[in-house]
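Numbering (my numbering), first residue to last: 144 to 433.
Beta carbons: idealized from backbone N, C-alpha and C, even for Gly.
Since the structure is predicted, the reported quantities are computational estimates derived from the model, not experimental observations.
Have a look at the structure below, then the notes.
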């Protein structure tokens, strides 16, 4: 028999794990919504965001959260730079062109990471990562709790911005029909810059916080990127609500499988479950057939 207390703890852990996935997937969702491309370079931006944080927090001795903010800005600009020099030039071409271009960027930035970081894992010091607190009757690492709180703030903030501000309405218009948005005077190039910056910044938050809980390494971006892609498709391409719900579901499924089956099989079993869902509903939870 399984212990109900441990199962409850795993569900809580899964929700927190899902928060990290959401932060990575949210940027992909925004970029796909406006640009209609799958950004395969996103995992490299995630990795470099974590590395930027490691430089400022560990090497230069800045406060971890100040270092994270700096990393967000730098990763945001890195993402915009990639949009300007690569993705803008392949926009409108066959889907595979952007896919291959993004994959090429990913491996270029990962290999640059091997050159700069070397073949070792680096640690990011964050005081909260060394503390455990009691939350809802369970013991949780404080940094993980902060990760979940930041994810909640970002998601709520994004919803408010998209619904209540002119920039948000422009993003929604560009996501619905970029050509129509251009005809009514919306600067779609500027909107593209905004969503790429936000995507990079969100990836840096996830990379910084998760890096402080484990380590920073050049290859750290691939697995979160793949899981983020799965979540974006599972939730429905371009749907923020779908991304949030799918991220939480994937996090919970993974943690429950790690406890009930085996940690080594959790990833594979999660993929099989999601594959079954895709077969039943290929457009995802909130996707629509176009």
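I believe residue 331 touches residue 321 by the beta-carbon criterion, under 8 Å. Please report the beta-carbon distance rounded to the nearest angstrom. Position 188 of the chain shown, counting from 1, holds the residue named residue 331. Position 178 of the chain shown, counting from 1, holds the residue named residue 321. Correct: roughly 5 Å between the Cβ atoms.
Which residues in the same chain have their Cβ closer than 8 Å to the Cβ of residue 298, if we skip the five residues on either side of it in sequence? Counting from one through the chain shown, the residue named residue 298 turns up at place 155. Closer than 8 Å at the Cβ level, and outside the excluded window around residue 298, lie 165, 169, 383, 387.
Pick from 191, 262, 171, 193: whose alpha carbon is nearest that of residue 183? As a first step, residue 183 must be located in the chain shown, where it is residue number 40. Nearest C-alpha to residue 183: 171.
Span separating the alpha-carbon of residue 258 from that of residue 146: The residue given as residue 258 occupies position 115 in the chain shown. The residue given as residue 146 occupies position 3 in the chain shown. Each residue's Cα considered, the two are about 47 Å apart.
Less than 7 Å separating the beta-carbons of residue 404 and residue 318? Here residue 404 is taken as the residue at index 261 of the chain shown, counted from 1. Here residue 318 is taken as the residue at index 175 of the chain shown, counted from 1. No; because the gap between Cβ atoms is not below 7 Å, this pair is not in contact.
Three Cβ pairs or more, each shorter than 8 Å: is that satisfied between the stretch 180-196 and the stretch 216-230? yes
Could you please give me the residues that DSSP links to residue 434 through a beta bridge? Any answer about residue 434 is impossible in this case: the structure gives the chain only from 144 up to 433.
Check for me: the alpha helix (DSSP H) holding residue 406 runs from which residue to which? As a position in the chain shown, residue 406 is number 263, starting the count at 1. Unbroken alpha helix (DSSP H) run through residue 406: 406-423.
Need the endpoints of the alpha helix (DSSP H) that residue 322 sits in, please. On the chain shown, residue 322 is found 179 positions in, with the first residue counted as 1. Unbroken alpha helix (DSSP H) run through residue 322: 321-326.
Shortest alpha-carbon distance to residue 428 belongs to which of 204, 373, 179? Within the chain shown, the letter at position 285 stands for residue 428. When each option's Cα is compared against that of residue 428, the closest is 373.
Assign residue 262 to buried or exposed, taking buried as 16 or more other Cβ atoms, counted over all protein chains shown, within 10 Å of its Cβ. As a position in the chain shown, residue 262 is number 119, starting the count at 1. By the 10 Å Cβ count, residue 262 comes out exposed.
What does the alpha-carbon distance come out to for the pair residue 434 and residue 235? Residue 434 falls outside the range modelled here, since the chain spans only 144 to 433, and no answer is possible.
Chain-order list of residues whose beta-carbon lies under 8 Å from that of residue 268 (same chain, five-residue window excluded): For the purposes of this step, residue 268 is taken as residue 125 along the chain shown, with counting starting at 1. Result list for residue 268: 200, 201, 207, 355, in chain order.
For the alpha helix (DSSP H) that residue 335 lies in, which residues bound it at each end? Counted from its first residue, the chain shown places residue 335 at position 192. Residue 335 -> alpha helix (DSSP H) spans 331-356.
Assign residue 180 to buried or exposed, taking buried as 16 or more other Cβ atoms, counted over all protein chains shown, within 10 Å of its Cβ. Indexing the chain shown from 1 puts residue 180 at position 37. By the neighbour-count rule (16 or more Cβ atoms within 10 Å), residue 180 is buried.
Cα separation between residue 230 and residue 286? By 1-based counting over the chain shown, the position of residue 230 is 87. By 1-based counting over the chain shown, the position of residue 286 is 143. The alpha-carbon atoms of residue 230 and residue 286 are separated by roughly 34 Å.
Compare the beta carbon distance of residue 367 and residue 167 with 7 Å and say whether it is the shorter of the two. On the chain shown, position 224 is the one that residue 367 refers to. On the chain shown, position 24 is the one that residue 167 refers to. For residue 367 and residue 167, yes; Cβs fall inside 7 Å.
Assuming residue 314 and residue 305 are in contact, meaning their beta carbons sit under 8 Å apart, how far apart are those beta carbons, in whole angstroms? In the chain shown, counting from the first residue as 1, residue 314 sits at position 171. In the chain shown, counting from the first residue as 1, residue 305 sits at position 162. At roughly 6 Å, the Cβ-Cβ gap stays under 8 Å, so residue 314 and residue 305 are in contact.
Could you tell me the distance, in whole angstroms, from the CA atom of residue 339 to the CA atom of residue 413? Counted from its first residue, the chain shown places residue 339 at position 196. Counted from its first residue, the chain shown places residue 413 at position 270. Answer to the nearest angstrom: the Cα atoms are 29 Å apart.
How far does the alpha helix (DSSP H) with residue 400 in it extend, from its first residue to its last? Taking the chain shown and counting its residues from 1, the one referred to as residue 400 is at position 257. Taken as a continuous stretch (DSSP letters only), the alpha helix (DSSP H) holding residue 400 covers 383-403.
Could you spell out where the alpha helix (DSSP H) holding residue 251 opens and where it closes? Looking up residue 251 in the chain shown gives position 108. 238-260 is the extent of the alpha helix (DSSP H) around residue 251.
Excluding the 5 residues preceding and the 5 following residue 266 in the sequence, name in chain order all residues of the same chain whose CB lies nearer than 6 Å to its CB. Sequence index remark: in the chain shown, residue 266 carries index 123 (1-based). Cβ within range, chain order: 358.
Range of the contiguous alpha helix (DSSP H) that encloses residue 367: Locating residue 367 in the chain shown gives position 224, where the first residue counts as 1. Looking at the DSSP string, the run of the alpha helix (DSSP H) that includes residue 367 is 365-378.
Could you check if residue 247 is buried or exposed, using at least 16 other CB atoms within 10 Å of its CB as the buried criterion? Numbered from 1 along the chain shown, position 104 holds the residue referred to as residue 247. The residue in question, residue 247, is exposed, as its Cβ has fewer than 16 Cβ neighbours within 10 Å.
Is DSSP giving residue 265 helix, strand or coil here? Along the chain shown, one-based indexing puts residue 265 at 122. DSSP places residue 265 in strand when its eight states are reduced to three.
If I follow the unbroken alpha helix (DSSP H) through residue 93, where does it start and stop? The structure shown has nothing for residue 93, since the chain only spans 144 to 433.
Excluding sequence positions up to five away, which residues of its chain have a Cβ less than 7 Å from the Cβ of residue 379? Position 236 of the chain shown holds residue 379. Counting only Cβ-Cβ distances below 7 Å, and skipping sequence neighbours, we find 385, 426, 427, 428, 429, 430.
Measure the alpha-carbon distance for residue 410 versus residue 300 and round it to whole angstroms. One-based indexing of the chain shown puts residue 410 at position 267. One-based indexing of the chain shown puts residue 300 at position 157. Spanning the two alpha carbons is a distance of roughly 30 Å.
Taking residue 155 as the reference, give the member of 196, 283, 239, 253 with the closest Cα. Against the chain shown, residue 155 aligns to sequence position 12. Cα-wise, what sits closest to residue 155 is 283.
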